[in-house]
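Under numbering that gives the first Met the number 0, the first residue of the sequence shown is numbered 0, with each subsequent residue one higher.
For each residue, glycine too, the CB sits at the ideal point set by N, CA and C.
Keep in mind it's a predicted model, so treat the numbers as computed, not measured.
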Amino acid sequence: MQTKPTPMPTAMSTAAKTSIAPGELVLVTGGARSGKSQWAEQLATMVVSSPEQVVYVATAGRRDGDDEMDARVARHRERRPHAWQTVEETEDLESVLTQWDQPGTVILIDCLTLWLTNVFLRQYDPDTWTSDAEVTLLDRAERLAKIARASQATVIAVGNEIGYGIVPMDKMSRIFRDLSGGIQQRFGQQAQRIYLTVCGAPITVKSAAGEEER
Numbered sequence: 000m001q002t003k004p005t006p007m008p009t010a011m012s013t014a015a016k017t018s019i020a021p022g023e024l025v026l027v028t029g030g031a032r033s034g035k036s037q038w039a040e041q042l043a044t045m046v047v048s049s050p051e052q053v054v055y056v057a058t059a060g061r062r063d064g065d066d067e068m069d070a071r072v073a074r075h076r077e078r079r080p081h082a083w084q085t086v087e088e089t090e091d092l093e094s095v096l097t098q099w100d101q102p103g104t105v106i107l108i109d110c111l112t113l114w115l116t117n118v119f120l121r122q123y124d125p126d127t128w129t130s131d132a133e134v135t136l137l138d139r140a141e142r143l144a145k146i147a148r149a150s151q152a153t154v155i156a157v158g159n160e161i162g163y164g165i166v167p168m169d170k171m172s173r174i175f176r177d178l179s180g181g182i183q184q185r186f187g188q189q190a191q192r193i194y195l196t197v198c199g200a201p202i203t204v205k206s207a208a209g210e211e212e213r
């Protein structure tokens, strides 16, 4: 007699066990298609009393001729509640955090990696890039994380784990990988909570002080 396999935990089944205090900074990270965006969206719905209180910050931007990216953005848009406020900002996240710094609001940034992509590609020059440029960008990320931490709003930031694979062959990719890891470390240091999503299941990496981890 065959028995049914025990279903894996999902973002939906784990949501009831998670309680985020207003004004916290939450980092949600994971690999591609790991469920990180869905979990971040689920967290946002748990914090607010009304969907109009969620500000979704889309950092991807529009890329002419990139049909795959257009389809990806469309899927994300269709999945989100229509009442959410959407702000498209590819670089100036500091202004967005300042503008929406108010109690009861949730600012969902999706995602830090695309923000880095936009900033990095605008600044990167293989002939002039130096370690000083890397330090400058990481310093900006640290300031951004501190602004998010100090915000009266609840800030949920999504990031991609891209450092688990082999060492990239070209200089540009290696620098980008290192910057991405550095940015996530800086947000992780400021965040009260960190979740890592694996196969659609969120794993608590860091929780609020005095709270039992799950």
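Express the C-alpha separation of TRP114 and LEU137 in angstroms, rounding to a whole number.
-> 13 Å
Using a Cβ-Cβ cut-off of 7 Å (strictly less than) and excluding sequence neighbours within five positions of GLU93, which residues of its own chain qualify?
-> LEU143, ILE146
Just how far apart, CA to CA, sit TYR55 and THR196?
-> 20 Å
Identify the residues that DSSP records as bridge partners of LEU26: which are they?
-> ALA156, ILE193
If I'm right that ARG185 touches GLU141 with Cβ under 8 Å, what's the distance once you round it to whole angstroms?
-> 5 Å
Have a look at ALA20, ALA156, ARG79, THR112 and flag the residue whose alpha-carbon is nearest the alpha-carbon of ASP177.
-> THR112
Strand pairing of PRO201, partner residues [DSSP] = THR196
Tell me whether MET0 is buried or exposed, calling it buried when 16 or more other Cβ atoms sit within 10 Å of its Cβ.
-> Low local confidence applies: a pLDDT of 48 at MET0 is under 50, so the model's placement there is unreliable, and no value is given.
Could you give the DSSP three-state label for VAL134: helix, strand or coil?
-> helix
Would you say VAL53 and VAL105 are within 9 Å of each other, going by their C-beta atoms?
-> yes
Which residues does DSSP pair with ASP109 in a beta bridge?
-> ALA57, VAL157
If GLN151 sits next to ASP109, beta carbons under 8 Å apart, how far is it from one beta carbon to the other, in whole angstroms?
-> Between ASP109 and GLN151 the Cβ distance is about 21 Å, and since that is not below 8 Å, they are no contact.
If we ignore side chains and look at the alpha-carbon of each, how far apart do GLN37 and ARG79 end up?
-> 9 Å
Sequence-distant residues of its chain with Cβ nearer than 7 Å to PHE175 (five each side left out) | PHE119
Inter-residue Cα distance where the pair is ALA156 and GLY34 = 14 Å
Could you check what DSSP says for THR89 in three-state terms: helix, strand or coil?
-> coil
Residues near GLU87 by beta carbon distance below 6 Å, same chain, minus five either side = ALA57
Should ARG192 go down as buried or exposed, given a rule of 16 or more other Cβ atoms within 10 Å for buried?
-> buried
Could you pull out every residue in the same chain whose Cβ sits closer than 8 Å to the Cβ of MET11, ignoring the five residues on either side in sequence?
-> The predicted model places MET11 with a pLDDT of 45, which falls under 50 and marks its position as unreliable, so this point remains unresolved.
Using the C-alpha atoms, what's the distance from ARG121 back to ASP91?
-> 13 Å
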